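S.K.: Residue numbers (this note's numbering): 284 to 562. Backbone N, C-alpha and C define an ideal beta-carbon position, used for all residues, glycine too. Being a predicted model, the structure only gives us computed values, none of them experimental. Got a structure for you, questions after.
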């Protein structure tokens, strides 16, 4: 592997990290990967573990999140089949599962962060901190919304997720895409690198190969249009110390326009099906 880019933790520690390119998988790997990552999540700015809605950035995040939740459930229903059992891996504060539950789904969720689990329970969504061994073959559908990039022992986790599915089941994965225009524009300031919390940085090739080894295949790829704007806004702040809303909006828009033909959006949703013959 060779060095692709040197960046730093802009939101918590200020420590520097190297992004190493795995040429066969077309994936970047954060080096070094701290053994204890808990301290890197201890920030009020880490919005996915809170329901913060005070600053303009937080209000924007929460507004987009509410809009996206219904879209995510609609996508899930398109690929779910007759069974309506879903496991949300990395469920955060439970908003997605709350909406799915309201739509009649039997929901389960995994979230290691205690504070996020507590907020979810206040909404009537009970989460567990880890998967149990007897859960194999239980779920028709598993979702990971910007979670895969956080998981250590990546290939083991993917294999475990595949085994949790019923034959013919579906995994829906959303991850940032380092081949997007906004990633190339902001370079080391691109907020979606988010080292060291993001241990891995994916391309379309990487997702196909990693999940293919566990009996999964990509059947659809969808863009997350709003991510380029949100990521550009954070990236402007990391780069200049200011929000620069106009520049962020224009760069987010340009990223989506370029992706119209290249398909390299800032973030992508992958719909993966478990092959029927794989048990």
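How many whole angstroms separate the CB atoms of residue 539 and residue 553, which I take to be in contact at a CB cut-off of 8 Å?
M.R.: Here the question's residue 539 lines up with position 256 in the chain shown. Here the question's residue 553 lines up with position 270 in the chain shown. 18 Å between Cβ atoms; not a contact.
S.K.: Run through DSSP, which three-state label would residue 308 get?
M.R.: Position 25 of the chain shown, counting from 1, holds the residue named residue 308. Coil, per DSSP.
S.K.: Which residues bound the alpha helix (DSSP H) around residue 397?
M.R.: The residue you call residue 397 lines up with position 114 of the chain shown. Element bounds for residue 397: 397-404.
S.K.: Skipping 5 residues on each side, what residues in its chain have a beta carbon closer than 7 Å to that of residue 304?
M.R.: The residue labelled residue 304 in the question sits at position 21 within the chain shown. Excluding residues within five positions, the ones whose Cβ falls inside 7 Å are 284, 285, 287 and 311.
S.K.: Could you tell me which residues DSSP pairs with residue 382 in its beta bridges?
M.R.: Within the chain shown, the letter at position 99 stands for residue 382. For residue 382, which the question treats as bridged, DSSP gives no partner whatsoever.
S.K.: Using DSSP's beta-bridge definition, name the partner residues of residue 457.
M.R.: In the chain shown, the residue the question calls residue 457 occupies position 174. The partner list for residue 457 (beta bridge, DSSP) reads 428 and 552.
S.K.: Name the residue from 474, 436, 484 and 490 whose alpha carbon lies nearest to the alpha carbon of residue 517.
M.R.: Within the chain shown, residue 517 is the residue found at index 234, counting from 1. Nearest of 474, 436, 484 and 490 to residue 517, Cα basis: 474.
S.K.: Count the CB pairs spanning the region 358-370 and the region 380-396 that are closer than 8 Å, and state whether there are at least three.
M.R.: yes
S.K.: Count the other CB atoms within 10 Å of the CB of residue 357; is the residue buried (16 or more) or exposed (fewer)?
M.R.: Within the chain shown, the letter at position 74 stands for residue 357. Classification of residue 357: exposed, given that the 10 Å Cβ count is below 16.
S.K.: Between the region 424-438 and the region 395-413, are three or more C-beta pairs nearer than 8 Å?
M.R.: Touching, no, given that fewer than three Cβ pairs across the two stretches are closer than 8 Å.
S.K.: Check for me: the beta strand (DSSP E) holding residue 285 runs from which residue to which?
M.R.: Against the chain shown, residue 285 aligns to sequence position 2. Per DSSP, residue 285 is one residue of the beta strand (DSSP E) stretching across 285-291.
S.K.: Nearest-angstrom Cα distance between residue 446 and residue 395?
M.R.: Reading the chain shown from its first residue, position 163 is the one you call residue 446. Reading the chain shown from its first residue, position 112 is the one you call residue 395. When rounded, the separation of the alpha-carbon atoms in residue 446 and residue 395 is 20 Å.
S.K.: Could you tell me which of 522, 411, 492 and 414 sits nearest to residue 466, measuring between CA atoms?
M.R.: Along the chain shown, read from residue 1 onward, the residue named residue 466 stands at position 183. The shortest C-alpha to C-alpha distance from residue 466 to any of 522, 411, 492 and 414 is the one to 522.
S.K.: With residue 449 and residue 440 assumed to form a contact (beta carbons below 8 Å), what rounded beta-carbon distance in angstroms separates them?
M.R.: For the purposes of this step, residue 449 is taken as the residue at position 166 of the chain shown. For the purposes of this step, residue 440 is taken as the residue at position 157 of the chain shown. Actually they do not touch by this definition, with Cβ atoms about 19 Å apart.
S.K.: So, using beta-carbon positions, are residue 453 and residue 556 closer together than 8 Å?
M.R.: On the chain shown, residue 453 is found 170 positions in, with the first residue counted as 1. On the chain shown, residue 556 is found 273 positions in, with the first residue counted as 1. The answer is yes: Cβ separation under 8 Å.
S.K.: Nearest-angstrom Cα distance between residue 471 and residue 424?
M.R.: For this step, residue 471 is matched to residue 188 along the chain shown. For this step, residue 424 is matched to residue 141 along the chain shown. Residue 471 and residue 424: Cα-Cα distance of roughly 35 Å.
S.K.: Pull up the distance between the alpha-carbon of residue 297 and that of residue 318, whole angstroms please.
M.R.: Walking along the chain shown from the start, residue 297 turns up at place 14. Walking along the chain shown from the start, residue 318 turns up at place 35. Distance between the alpha carbons of residue 297 and residue 318 is about 17 Å.
S.K.: Starting from the N-terminal side, write out each stretch of the alpha helix (DSSP H) that is 4 residues or longer and does not extend beyond the region 501-527.
M.R.: As far as the region 501-527 is concerned, its whole alpha helix (DSSP H) runs of at least 4 residues are 510-523.
S.K.: Take residue 375 as the anchor and find which of 361, 393 and 363 has the nearest alpha-carbon.
M.R.: Here residue 375 refers to the residue found at position 92 of the chain shown. Measuring C-alpha to C-alpha distances from residue 375 to each of 361, 393 and 363 identifies 393 as the nearest.
S.K.: Between residue 541 and the rest of its own chain, which residues show a CB-CB distance below 7 Å, the 5 nearest in sequence each way excluded?
M.R.: The residue given as residue 541 occupies position 258 in the chain shown. 464, listed in sequence order.
S.K.: Compare the C-alpha of residue 456 against each of 512, 373, 509 and 496 and name the closest.
M.R.: Sequence index remark: in the chain shown, residue 456 carries index 173 (1-based). Residue nearest to residue 456 within the set 512, 373, 509 and 496 is 373 (criterion: CA-CA distance).
S.K.: Would you list the residues sitting across from residue 484 in a DSSP beta bridge?
M.R.: Walking along the chain shown from the start, residue 484 turns up at place 201. Answer is 311, bridged to residue 484.
S.K.: Please check the pair residue 534 and residue 515, which I expect to be a contact at CB under 8 Å, by giving their CB distance rounded to whole angstroms.
M.R.: In the chain shown, the residue the question calls residue 534 occupies position 251. In the chain shown, the residue the question calls residue 515 occupies position 232. 5 Å between Cβ atoms; contact.
S.K.: How is the beta strand (DSSP E) around residue 371 delimited, first residue to last?
M.R.: Walking along the chain shown from the start, residue 371 turns up at place 88. Taken as a continuous stretch (DSSP letters only), the beta strand (DSSP E) holding residue 371 covers 368-372.
S.K.: Using the C-alpha atoms, what's the distance from residue 498 back to residue 528?
M.R.: To locate residue 528, count along the chain shown from 1; it is residue 245. To locate residue 498, count along the chain shown from 1; it is residue 215. Cα to Cα, residue 528 sits roughly 43 Å from residue 498.
S.K.: Report back the beta-carbon spacing between residue 479 and residue 300 to the nearest angstrom; my notes put them in contact at under 8 Å.
M.R.: Residue 479 sits at position 196 when you count from the first residue of the chain shown. Residue 300 sits at position 17 when you count from the first residue of the chain shown. Rounded, the Cβ-Cβ distance is 6 Å, consistent with contact.
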